[in-house]
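J.: Numbering (this note's numbering), first residue to last: 288 to 507.
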Amino acid sequence: MANVSSCVADSSNEAPVANGLTEFGEKVVKEMNRLGMIVDLSHVGENTTRAAIRLSRAPVVFTHSSVYSLCNHKRNVPDDIIQSLKENGGIIMVNFFPDFVKCAPNATISDVAEHFHYIKRMIGADYVGIGGDFDGVNRVPRGLEDVSRYPELFAELLRSGQWNVQELKNLAGLNMLRVMRQVEKVRDEMRTNGVEPEEHPDSPNDNGNCTSNAFYTEYV
């Protein structure tokens, strides 16, 4: 939702301004639900995340984030938010960037596996996915140099005795497909119930929303 703090929400990269979602940001989440758009919470601040999960009728995702308790990087997800994903139905897709995996310049495939184990132990194998972020990082763990190494990751998880084959299938993509179906189901239910589009917000000079060239010039 936000790589930088904006009129929609606070990001994880900057000091909070709105303490989460702005009023306009709440409208954005509701409208995303109505349109069948998936809410991605990687890069947003913790309070933004909590607010979006409370507000969203549909499952949310973290497309490329890891576990804060294993590496206390601001881009990672704290335990209370991970736990809230189970009720929401969303997933956290583990990022492979060593800075997020180990809080260090280097990491191994075993270090990455620990993030998958942690999430599975906390909320189960139905709420986790793979978000390697190979196109967005300049360093990768040893043993996970590119997507061709995914079978090695599955082998590592299977060897641990903590995963079965069906759970690995869910991890590999079925969990994400389930989220997509649920997001579409919420969209269809809102359409059936006659939910109208969110009211067009006022000008940015009044409420600081994102509908003008003034905002575009400042933030993009």
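Glycine included, C-beta positions come from ideal geometry on N, C-alpha and C.
Which ranges would you report for the alpha helix (DSSP H) in the region 368-417 if only whole runs of at least 4 residues count?
T.: Taking only runs of at least 4 residues, the alpha helix (DSSP H) segments lying wholly in the region 368-417 are 385-388, 396-410.
J.: Starting from Phe-564, trace the alpha helix (DSSP H) in both directions and tell me its first and last residue.
T.: Shown here, the chain extends from 288 to 507; a query on residue 564 therefore has no answer.
J.: Span of the alpha helix (DSSP H) holding Val-452?
T.: Its alpha helix (DSSP H) spans residues 452-456.
J.: List the DSSP bridge partners of Phe-349.
T.: Paired residues: Ile-379.
J.: Tell me where the alpha helix (DSSP H) around Arg-341 begins and ends.
T.: Taken as a continuous stretch (DSSP letters only), the alpha helix (DSSP H) holding Arg-341 covers 333-342.
J.: Three Cβ pairs or more, each shorter than 8 Å: is that satisfied between the region 334-341 and the region 368-379?
T.: As far as the Cβ criterion goes, the region 334-341 touches the region 368-379, which means the pair count is three or higher.
J.: Measuring only the C-alpha atoms, how far is Val-348 from Val-466?
T.: So the alpha carbons of these two residues sit roughly 8 Å apart.
J.: Would you kindly work out how many angstroms separate the C-alpha atoms of Val-470 and Pro-428, rounded to a whole number?
T.: Each residue's alpha carbon lies about 32 Å from the other.
J.: Per DSSP, what are the beta-bridge partners of Asp-475 in this structure?
T.: Beta-bridge pairing links Asp-475 to no other residue.
J.: Can you tell me whether Val-326 is helix, strand or coil according to DSSP?
T.: If DSSP states are grouped into helix, strand and coil, Val-326 belongs with the strands.
J.: By Cβ distance below 6 Å, which residues in the same chain neighbour Asp-327 in space, the five residues on each side in sequence not counted?
T.: Only Val-348, Thr-350 meet the Cβ criterion.
J.: Just tell me which of Gly-423, Gly-460, Arg-426 has its CA closest to the CA of Tyr-437.
T.: For Tyr-437, the nearest C-alpha among the options comes from Gly-460.
J.: Less than 8 Å between C-beta atoms, sequence neighbours within five positions excluded: which residues of the same chain meet that for Met-463?
T.: Result list for Met-463: Val-348, Ile-378, Met-380, Gly-416, in chain order.
J.: In the DSSP output, which residue or residues are listed as bridge partners for Val-354?
T.: Note: Val-354 sits in a beta bridge opposite Val-364.
J.: Could one say the Cβ of Val-470 lies closer than 8 Å to chain B's Cβ atoms, at least one of them?
T.: Absent from the structure: chain B. Only one protein chain is present.
J.: CB Tyr-405 to CB Leu-458, shorter than 8 Å?
T.: No.
J.: Of all the options Lys-314, Leu-308, Arg-344, which has the alpha carbon lying nearest to the alpha carbon of Glu-484?
T.: It should be noted that the sequence gives Pro, not Glu, for residue 484. Among Lys-314, Leu-308, Arg-344, the Cα nearest to that of Pro-484 belongs to Lys-314.
J.: Below 8 Å between beta carbons: does that hold for Phe-387 and Arg-426?
T.: No, the Cβ-Cβ distance between Phe-387 and Arg-426 is not below 8 Å.
J.: Figure out for me which residue from Leu-322, Asp-366, Asn-320, Asn-382 has the closest Cα to the Cα of His-330.
T.: With distances taken between Cα atoms, His-330 lies closest to Asn-382.
J.: Exposed or buried, which one is Lys-456 when buried takes at least 16 other CB atoms within 10 Å?
T.: Exposed, because fewer than 16 other Cβ atoms sit within 10 Å of the Cβ of Lys-456.
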